[in-house]
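Engineer: Here the protein sequences come in this chain order: S and R. The opening position of the first sequence corresponds to residue 13 in my numbering, with each subsequent residue numbered one higher. The opening position of the second sequence corresponds to residue 13 in my numbering, with each subsequent residue numbered one higher. I have a structure here, written as structure tokens, and I will follow up with some questions on it.
Protein chains: 2
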Amino acid sequence: MGSRQRVPFRFRLDLHSGVPVYRQIIDQVRGGIASGSLSVGDQLPTVRQLAVDLSINPNTVARAYRELELVEVLETHQGTGTFISAQKIRGGGEERSRQLAQIVTDSVARAGAIGFTVEDLVEQLRGLVLEPSRRR
Amino acid sequence: MGSRQRVPFRFRLDLHSGVPVYRQIIDQVRGGIASGSLSVGDQLPTVRQLAVDLSINPNTVARAYRELELVEVLETHQGTGTFISAQKIRGGGEERSRQLAQIVTDSVARAGAIGFTVEDLVEQLRGLVLEPSRRR
DNA sequence: CTTAGTGTACTAGTATATTAGTACATGATG
DNA sequence: CATCATGTACTAATATACTAGTACACTAAG
Numbered sequence: 013m014g015s016r017q018r019v020p021f022r023f024r025l026d027l028h029s030g031v032p033v034y035r036q037i038i039d040q041v042r043g044g045i046a047s048g049s050l051s052v053g054d055q056l057p058t059v060r061q062l063a064v065d066l067s068i069n070p071n072t073v074a075r076a077y078r079e080l081e082l083v084e085v086l087e088t089h090q091g092t093g094t095f096i097s098a099q100k101i102r103g104g105g106e107e108r109s110r111q112l113a114q115i116v117t118d119s120v121a122r123a124g125a126i127g128f129t130v131e132d133l134v135e136q137l138r139g140l141v142l143e144p145s146r147r148r
Numbered sequence: 013m014g015s016r017q018r019v020p021f022r023f024r025l026d027l028h029s030g031v032p033v034y035r036q037i038i039d040q041v042r043g044g045i046a047s048g049s050l051s052v053g054d055q056l057p058t059v060r061q062l063a064v065d066l067s068i069n070p071n072t073v074a075r076a077y078r079e080l081e082l083v084e085v086l087e088t089h090q091g092t093g094t095f096i097s098a099q100k101i102r103g104g105g106e107e108r109s110r111q112l113a114q115i116v117t118d119s120v121a122r123a124g125a126i127g128f129t130v131e132d133l134v135e136q137l138r139g140l141v142l143e144p145s146r147r148r
């Protein structure tokens, strides 16, 4: 019947990746949003529940959630749970700008390392706009 | 003779950025290549010289250089110095393009996760060309 | 008011990252 | 060979990151 199957978003850890657990959680939430698996208003597993599922300490989950809340990707309500927040697609946000700068700096460095210029990056980006078919 | 005034590439540290010193060096070398300030064959300051200039330990410089050498961005010659290596600019254009696409895809995903558009990325990139290095 | 569920604060142990001190190895140069 | 300039190896001190233990605080619901 009409049950909406509120799919419990699936977290998976790779303990051999060397990537901190809390960061893996962050990445998976962000990835879920980017891919559409998570939408505004969706509730995430509770701190305790996820901690049990992944066999880690609740504080580790809390840290990931808190960090995402600081960037306003999540909203937490005491006693209720943690939810995907309505992104502030617009508006200032010092931290957001900082993050964008970080992203760009990283990509420039990576591209420069294999001999590409900033212009090459821009060109590639433009190409993406015209040819959005290739989603990953 | 015919001295070409090999301009000594200028390194600058931001000790309050929280970004590790060795990483700042790496980023600046890569950025220098991307921006054209550094070209294939250029010699970098010697480990000792740069250590003195920046008031840091030679090993910190060496670490940065070594890491860049592993990725084949630099070439080191004992007793001679450290140089910008001939990039794999030519050859395997396929693989290089793939890497560029990957870099762009990553940055778009990261930016998209916090509500930025491709245009925002382009704008930020343009700004970088005019005003280098400011991290964190 | 009580209870059960939620996130949070504070503390601390452990690992890892970062930088520095010091001595050594290698290659160029005369 | 002697010397000097270069990068390198090894060790260690320190800071920071990461995770966990434990107890607390807020909210909704009976």
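Even for Gly, the Cβ is constructed at its ideal location relative to N, Cα and C.
What separation, rounded to the nearest whole angstrom, lies between the Cα atoms of G93 (chain R) and D65 (chain R)?
Structural biologist: 16 angstroms
Engineer: Taking Cβ-Cβ distances below 7 angstroms as the criterion, which residues of the region 25-42 of chain R are in contact with chain S?
Structural biologist: D39, R42
Engineer: Using Cβ-Cβ distances below 8 angstroms, what residues of the region 52-75 of chain R are close to chain S?
Structural biologist: The residues in question: there are none.
Engineer: State the start and end residues of the unbroken beta strand (DSSP E) segment that holds L86 (chain R).
Structural biologist: 86-89
Engineer: Rounded to a whole number of angstroms, what is the C-alpha to C-alpha distance between E84 (chain R) and D54 (chain S)?
Structural biologist: 45 angstroms
Engineer: Any C-beta of chain S sitting closer than 8 angstroms to the C-beta of L110 (chain R)?
Structural biologist: Position check: residue 110 (chain R) holds Arg in this sequence, whereas Leu was assumed. No, R110 (chain R) lies away from the interface with chain S (no Cβ there is under 8 angstroms from its Cβ).
Engineer: For F95 (chain R), write down the residues that DSSP places opposite it in a beta bridge.
Structural biologist: R:Q55, R:E87
Engineer: The alpha helix (DSSP H) with L80 (chain R) in it runs from where to where?
Structural biologist: 70-82
Engineer: So, does the region 123-133 of chain S touch the region 122-129 of chain R, judging by three or more C-beta pairs under 8 angstroms?
Structural biologist: No contact exists between the region 123-133 of chain S and the region 122-129 of chain R.
Engineer: For R102 (chain R), name the three-state secondary structure that DSSP assigns.
Structural biologist: Note on R102 (chain R): pLDDT 40, under 50, position unreliable in the model; the coordinate value appears next. Coil at R102 (chain R), not helix or strand.
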